[in-house]
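Trainee: Residue numbers (my numbering), protein chains in the order written: chain U, 3 to 204; chain F, 849 to 1146; chain Y, 4 to 395. Where a beta carbon is used, it is the ideal one built from N, C-alpha and C, also for glycine. This is the structure I want to talk about, given as structure tokens.
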Amino acid sequence: MPVSDETPVDLAPVLESFPSLEVEKGTGALITQPALVLEVVQFLRDDPRYRLDYLSNVTGIDYLATVRKEKRVNEEGKTEIVKIDEPPRMDVVYHFYSMSEKRGLVTLKQRITDRDRPVATSLMPLFRSAEFQEREVYDLFGIDFQGHLDLRRLLMWEEFEDFPMRRDYVEPDDYEYEPTPHGEVLEKAKTHAGLGEGGSEE
Amino acid sequence: MDLLGSGIFKGMAVTLKNFAMTYFDRGRKERLPTVQYPEAGDTVTLFTRNFPFLIYDGEEEVDGMRCVACQICERECPPACIYIVKEKDENGKFVKRPKVFDIDVSVCMGCQICVEVCPFDAIVMDSEFEYSKEDRFGDLLFNRDELLKSNDYYHKIHPEEAQARDANLAAKKAADEAKKKAREEKAAAAAAAKAAAEKEASEKKDSPEASEPVAEEPKAEPAAPSENHAKAESEAKEKPAAEETPVEEPAAATDETEDAKEESSGGSEGKETSEEPEETAGSGEDDEKKAEEGEGVS
Amino acid sequence: MTMESSVVAGSEPTVEPRGFELIEREGLETNLLEVSMGPHHPSTHGVFRMDVKLDGETVTELRPVFGYLHRNHEKLAEDMGYLGSMPFTDRLDYFCSMTNNWAYALAGEKMIDLEVPERAEYVRVIMAELTRLVNHIMLVGFFVNDLGALGTPLLYALREREKILDLFEWASGARMMCNYMRFGGLRNDLPEGWLTKCREVVDAFPYFLDEYEKLLVENEIILVRTQNVGVLKPELAINAGITGPMLRASGVNYDLRKVDAYGVYDRFPFRVPMGEVGDCYDRFMVRILEMRESIKILRQAMDELPEGPIMGEAPRVFKPPAGEIYGRIEGPKGELGFYLVSDGTAKPYRYRVRPPSLVNLTVLEDLCLGHKVADAVVILGSVDIVLGEVDR
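See the structure below:
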């Protein structure tokens, strides 16, 4: 059964007003720089053609540096596979709907190119629903939200240092292992004193 | 709202009614659904699931085991509570049977994913729920022998499901058999042609040819029991039959997950190569192997 | 000290702040009192802490602290195949495993354009509405429990829930962790006789709801404690992304069952109950009224339940093409969304749950400011959180 979404949103007006916006291939998401995001969102929220008054979901995505292969047609008309170096980046993804006009969905992505010191612009001045969700993104991805009024860790404890949702996160070897039958865990458990029994592995 | 406090009295009337109704049969049924646990009430329903167990066919626990140690369940288990070590014979060749099959039921969440991904209907859910043990680490780690339960037991706890599974297996077996017959004929012809000279050459053979004999070991364990007649059959017959399964089983596994495909096919290749020396050993060694396995298990 | 700074612009407190300013008298020094409520407090619905600053008994600052149940469900899911996450969705909001399953299945189905057979859609509706009954009846029970009616109403609620859990167990094999839905349909068909039993339960339900209303709705203590307490203005509700019964109690007509009409919800005529004031009483009543509407849907769905397959042509290996999807349903607590990003492999590249309870908590401080600390407990009860979902 196809899911009947609300009225789809025409992105033309916002692209007209903000020529620097890009539309992501495949997903149809708007991509913006952190510097511009507040203006864009304000436009989306207040312009009568959009009235996207409901920020549903905020999350982050972490992309490590990869090599992407893409098929391209070269000048001679042959298709060849081109390797493209994708620099590391982070995205903050926002999903907007309109409650008053029953419109949706507009996906907006803040693209952060500096993955080592990711700084994004907070939407909290415009949307209260960004408050906890951006805190969560800060907590799990380590993205610093400029303009957030209360940027603290949300789920992890204050003293925690790493950012667990990053793709290169390595879990610390500091917790108590229970001797489960799994070889991998068992091996780890053996390095911790007093544990490592159990498991019927010979 | 008329009189202040009347709402409270109305509410009190409801509680009084509820209290009084528990003294009547009808009211008790509606308002007191408590089950007096150990004495009365069977809470097991059709799809009740608690922890998984391994099925064996026939009488022999280990020989009748359906599990072929394909490790799909181990890979798919969301809380990763299954641990499998494939059985090897003395020559380091893999036998299609788990040597170690552990389930940590203190980790298991009874989600039934293992049952769904198992291509051999070898693992199913138990409805047994009284598992209080004294030791969390030792006693709640079920090993292979504790997990093995007979197909009859399965029929007793989940009759409909068991029948469906049996039918499914029978259908699979029939399909296998049809294929097998076709191959048997081929194999018989080939075997005659090969004869003694083949034996020496076989050691250096490449995988395509080797794949035929590979079948022997794995087949003998998982397939023979499920085809109850297999045991009655002579070894000579069993051998060609065996050729069938190794080809089929990886194929069945492929359906499950693509990873599985890669790995299981990879695994079977590995087996094939490792089994090459085995070929010459012939059926006599098969028996020995079985015997050893039996000992090892017990 | 005044509270103006903390109150969000545009929302004026409708309740007169009582004893709000610090008493300043010659020779008498007063101070704000910091109280840490929780994490193990019977009124916090789990391991949830409220750092409250009190002026006398009046709340002047409230900071929700949570994360005690955090297990990084999202990270776990990214290390696992798509199907493997299904049983873990049960454990988000453990009262509503069926709707959690559905939301995840829906997102997955959107990803590969999978058609779900009619019968499966109907069964999903039945299960979702039963879940709504379970959730709301539990909310009402705990809510009254928070008000001080210890035990009795809660146990009545548990008793009714028990009957529905029995139905879940019969159909799915487990009472709470159902793990019943799959991409493209259901795990198994309804067992024989299930529908009859379900009809019995559903038919008996309004009777108990009447009784419940008699017990609670006119109770003067409940009225005094909940009316005009924790008023949520619709503008703030929309801006803060509040969804579900809490939003509708503030008078905003936004129900995804109507708006998105996912599944087969467009075939069922039902009304969307809405509150006028947006106080705790409205939130409480909206849930009771929603249960009545759910029963309507249930009856119709059971009458119209078609025969047929329960599983669509789902691939055995769930491996969606590269892309992303945001699928959402109207969970009993609000909009439950799943945002999945695929890179073309059998594991999701990004898996995000949009938890309604967490977002609904955003306004907890705004609701509690100016009320007594005992009201904070009631307001938290009316927000309806489950920590398994808040913390994930």
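Check the DSSP bridge columns for S205/U and list the partner residues they point to.
Mentor: Here chain U comprises residues numbered 3 to 204, so residue 205/U is not present and cannot be evaluated.
Trainee: Please list, in chain order, the residues of the segment 53-84 of chain Y that have any C-beta partner in chain U closer than 8 Å.
Mentor: Result list: F69, G70, H73, N75, E77 and K78.
Trainee: Note the first and the last residue of the continuous alpha helix (DSSP H) segment covering D141/U.
Mentor: First-last of the alpha helix (DSSP H) with D141/U: A132 to F143.
Trainee: Excluding the five sequence neighbours on either side, which residues of its own chain have a C-beta within less than 7 Å of the C-beta of F98/Y, listed in chain order?
Mentor: Taken in chain order, the residues that qualify are V137, N138, M141 and V389.
Trainee: Tell me Y65/U's beta-bridge partners as DSSP assigns them.
Mentor: DSSP output for Y65/U lists R91/U as bridge partner(s).
Trainee: Quick check: the Cα distance between E165/Y and P926/F, rounded to an integer number of angstroms?
Mentor: Each residue's alpha carbon lies about 28 Å from the other.
Trainee: Alpha carbons only, please: which of R130/U, V95/U and F165/U is nearest the one belonging to R155/U?
Mentor: Cα-wise, what sits closest to R155/U is F165/U.
Trainee: Just to confirm, is the Cβ distance from L193/Y to M179/Y under 9 Å?
Mentor: In this structure, M179/Y does not lie closer than 9 Å to L193/Y by Cβ.
Trainee: Give, in chain order, every residue of the segment 955-973 of chain F whose Cβ lies closer than 9 Å to some Cβ of chain Y.
Mentor: Hits within the stretch, in order: M957, G958, C959, Q960, I961, E964, V965 and M973.
Trainee: Using a cut-off of 8 Å between C-beta atoms, extract the partners of K91/Y located in chain F.
Mentor: Here the sequence assigns Phe to residue 91/Y, which means Lys is not the residue at that position. Residues of chain F passing the Cβ test: P926.
Trainee: Under the assumption that A110/Y contacts I328/Y (Cβ atoms under 8 Å), give the Cβ distance between them as a whole number of angstroms.
Mentor: Contact flag correct, Cβ pair sits at about 6 Å.
Trainee: Does DSSP put S100/Y in a helix, in a strand, or in coil?
Mentor: The answer is helix: DSSP assigns S100/Y an H, G or I state.
Trainee: Relative to the C-alpha of V910/F, which candidate in D1024/F, V972/F, R992/F and E1008/F has its C-alpha closest?
Mentor: Comparing Cα-Cα distances from V910/F to each of D1024/F, V972/F, R992/F and E1008/F, the minimum goes to R992/F.
Trainee: Using a Cβ-Cβ cut-off of 9 Å, state whether K394/Y counts as contacting chain U.
Mentor: A small correction: the amino acid at residue 394/Y is Asp; Lys does not occupy that position in the sequence shown. Output row for D394/Y: interface = yes.
Trainee: Would you decide whether G1118/F is buried or exposed? Buried here means 16 or more other CB atoms lie within 10 Å of its CB.
Mentor: Any answer about G1118/F is weak, because its pLDDT of 37 lies below 50 and its placement is not dependable; what the coordinates show is given next. With fewer than 16 Cβ atoms within 10 Å of its Cβ, G1118/F is classed as exposed.
Trainee: Would S1112/F be called buried (16 or more neighbouring beta carbons within 10 Å of its own) or exposed?
Mentor: Residue placement at S1112/F is flagged as unreliable, the pLDDT there being 40, under the threshold of 50; the coordinate-derived value follows with that caveat. Buried is the call here.
Trainee: Figure out for me which residue from H97/U, E133/U and F143/U has the closest Cα to the Cα of R168/U.
Mentor: Of H97/U, E133/U and F143/U, the residue nearest in Cα terms is F143/U.
Trainee: Tell me which same chain residues have a C-beta within less than 6 Å of the C-beta of N59/U, skipping the five on either side of it?
Mentor: Contacts found: H97.
Trainee: Looking at the C-beta of N1016/F, does it have a partner C-beta in chain Y at a distance below 9 Å?
Mentor: Answer no: the Cβ-Cβ gap between N1016/F and chain Y never drops below 9 Å.
Trainee: Would you say T229/Y reaches chain F, if we count a Cβ-Cβ gap shorter than 9 Å as a contact?
Mentor: Judged by the 9 Å Cβ criterion, T229/Y is not in contact with chain F.
Trainee: Output, in sequence order along the chain, the residues in the segment 35-65 of chain U whose CB is closer than 7 Å to any CB in chain Y.
Mentor: For the segment 35-65 of chain U, which is checked against every Cβ of chain Y, the residues closer than 7 Å are D55, Y56, L57, S58, N59, T61 and I63.
Trainee: Less than 9 Å between the beta carbons of A207/Y and N191/Y, yes or no?
Mentor: In this structure, N191/Y does not lie closer than 9 Å to A207/Y by Cβ.
Trainee: Just reading off the beta strand (DSSP E) that Q148/U is part of, what are its end residues?
Mentor: Element bounds for Q148/U: D146 to Q148.
Trainee: What does G859/F reach in chain Y if we use C-beta pairs closer than 8 Å?
Mentor: Per Cβ cutoff of 8 Å: K217, L218, L219, E221 and N222.
Trainee: Once DSSP output is grouped into helix, strand and coil, what is the label at I920/F?
Mentor: It is helical.
Trainee: Given this structure, state the Cα-to-Cα distance separating R105/U from Y159/Y, to the nearest angstrom.
Mentor: Taking the straight line joining both Cα atoms gives about 41 Å.
Trainee: What residues from chain Y crowd round V862/F, counting only those whose CB sits closer than 7 Å?
Mentor: What V862/F touches in chain Y: E214, K217 and L218.
Trainee: Under 9 Å between C-beta atoms, does Y284/Y make it to chain F?
Mentor: No, its Cβ sits nowhere closer than 9 Å to a Cβ of chain F.
Trainee: If you draw a straight line from the alpha carbon of P248/Y to that of E60/Y, how long is it in whole angstroms?
Mentor: Answer to the nearest angstrom: the Cα atoms are 29 Å apart.
Trainee: Flag F316/Y as yes if its beta-carbon sits less than 9 Å from any beta-carbon of chain U, otherwise no.
Mentor: A small correction: the amino acid at residue 316/Y is Glu; Phe does not occupy that position in the sequence shown. Taking Cβ atoms only, chain U never reaches closer than 9 Å to E316/Y, which makes this a no.
Trainee: Enumerated in chain order, which unbroken segments of the alpha helix (DSSP H) with a length of 4 residues or greater are wholly contained in the segment 973-1033 of chain F?
Mentor: Runs of the alpha helix (DSSP H) inside the segment 973-1033 of chain F: 992-995 and 999-1005.
Trainee: Taking C-beta pairs closer than 9 Å, name the residues in chain U that L239/Y reaches, listed in chain order.
Mentor: Residues of chain U passing the Cβ test: R130.
Trainee: With a cut-off of 9 Å, does the C-beta of P89/U fall near any C-beta of chain Y?
Mentor: Answer no: the Cβ-Cβ gap between P89/U and chain Y never drops below 9 Å.
Trainee: Tell me Y342/Y's beta-bridge partners as DSSP assigns them.
Mentor: BP columns for Y342/Y point to Y329/Y and R355/Y.
Trainee: Ends of the beta strand (DSSP E) at T34/U?
Mentor: Here the beta strand (DSSP E) through T34/U covers L32 to T34.
Trainee: Closer than 6 Å by C-beta to V1095/F: which residues in its own chain qualify, once you throw out the five before and the five after it? Chain order, please.
Mentor: Confidence at V1095/F is low in this model, with a pLDDT of 38, below 50, so its placement is unreliable and the value that follows should be read with caution. Excluding positions up to five away in sequence, the list is empty.
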